[in-house]
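Note sheet for the following structure.
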Amino acid sequence: MQTTDIEVPEDASVDGYGVEPAEVEQLVQTLVGELDPNEDPEAQFIHLSSTLALLQAAAGRVSVFRDDLVAEMVSESTERDVADRLGLSPTRPGQLARRSRSRAATAAATTRRAR
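Per my numbering, the sequence shown starts with residue 235, numbered consecutively.
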């Protein structure tokens, strides 16, 4: 087995909004895992496609339960769509995503401290 060696450009973006390359690389490693160089390319494609379909479905469920902006964006809405629905006007690209990630990190830290 070999691990994936994915290079993420420094100016990586999603729908024109900046993302952290380390975050993208970590997510890709988590989703792809280790690739078997002897595995049939079609089987690899099917595995990756089903993993991405699961990610989209999970994001849709999270957005329903948590009303989470980032999850809603992943489930086929852009940040601009979400901002428009909420009547918000981000002053900088990526502002809503950063706020949502910050809230999620704060909630996770609070949960860890409570344990």
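The beta-carbon is built from N, C-alpha and C at its ideal position, and this holds for glycine as well.
In this text, all values refer to a predicted model and were calculated from it rather than measured experimentally.
Worksheet entry | Host alpha helix (DSSP H) of P271 (start-end) | Within the sequence shown, residue 271 is the residue found at index 37, counting from 1. Counting along the chain, P271 falls outside any alpha helix (DSSP H), and DSSP gives it neither H nor E.
Item to complete: Quick one: residues in its chain with C-beta nearer than 7 Å to the C-beta of Q236, no 5 flanking neighbours on either side, listed in chain order?
Response: As a working note, residue 236 is residue 2 in the sequence shown. For Q236, the pLDDT reaches just 46, beneath the cut-off of 50, and the residue's location in the model is therefore unreliable, although a value from the coordinates is still provided. Result list for Q236: E268, L269 and P271, in chain order.
Item to complete: Return the CA-CA distance between S283 and D318, expressed in angstroms with no decimal places.
Response: By 1-based counting over the sequence shown, the position of residue 283 is 49. By 1-based counting over the sequence shown, the position of residue 318 is 84. CA-to-CA, the gap between S283 and D318 works out to about 30 Å.
Practice prompt. Check whether the Cβ atoms of L261 and T285 lie closer than 8 Å to each other.
Written response: Taking the first residue of the sequence shown as position 1, residue 261 is located at position 27. Taking the first residue of the sequence shown as position 1, residue 285 is located at position 51. No; because the gap between Cβ atoms is not below 8 Å, this pair is not in contact.
Worksheet item: Could one say the Cβ of V262 lies closer than 8 Å to chain C's Cβ atoms, at least one of them?
Response: Protein chain content of the structure displayed is limited to a single chain, and chain C is not contained in it.
Worksheet item: For A292, which residues from the same chain have a beta carbon less than 6 Å from its beta carbon, with the 5 sequence-adjacent residues on both sides left out?
Response: In the sequence shown, residue 292 corresponds to position 58, counting from 1. Here A292 has no same chain residue with a Cβ atom under 6 Å from its own Cβ, once five neighbours each way along the sequence are excluded.
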